[in-house]
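Heads up: the sequence shown begins at 145 in the numbering used here, then just goes up one per residue. Backbone N, C-alpha and C fix where the C-beta goes; we use that ideal spot for every residue, glycine too. No experiment lies behind these values; they were computed from the predicted model shown. To start, the structure under review is shown below, and the notes come after it.
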Amino acid sequence: MQEELLNMAWADGDAGAFAHALSVIARAQGADDIAKEALSGKGDLDLTDLFRIMSAFGIKVTFHAAD
């Protein structure tokens with residue numbers, strides 16, 4: 145479920161949609177206050193926050209060449 149949500153948001157190419165998808169996952173997993181604040185939309189989500197949050201959720205990113 146998490147994978148599908150993130151893949152759909154990523155495929156849209158919309159950073160806001162991807163951040164929202166992470167926020168939904170954070171709420172579902174009872175994320176800590178730092179993750180909630182970073183994903184609240186009230187601030188900018190930087191790469192360090194993104195990597196830390198994804199690691200905490202057990203999410204791994206892989207890259208493939210575009211067709």
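Closer than 7 Å: residue i CB and nearest the ligand FAD heavy atom
| i | result |
| --- | --- |
| A161 | Because no ligand of any kind appears in the structure shown, any question about the ligand FAD cannot be addressed here. |
Contacting residues, own chain, Cβ-Cβ under 6 Å from residue i (five flanking each side not counted)
| i | result |
| --- | --- |
| D156 | none |
| M152 | none |
| H164 | none |
Separation of residue j from residue i, as counted between CA atoms
| i | j | result |
| --- | --- | --- |
| D193 | M145 | 22 Å |
| D158 | H208 | 19 Å |
Spatial neighbours of residue i in its chain, beta-carbon cut-off 8 Å, leaving aside the 5 residues before and after
| i | result |
| --- | --- |
| Q173 | F201 |
Residue i versus the options, residue with shortest Cα-Cα distance
| i | options | result |
| --- | --- | --- |
| I203 | A170, G160, A161 | A170 |
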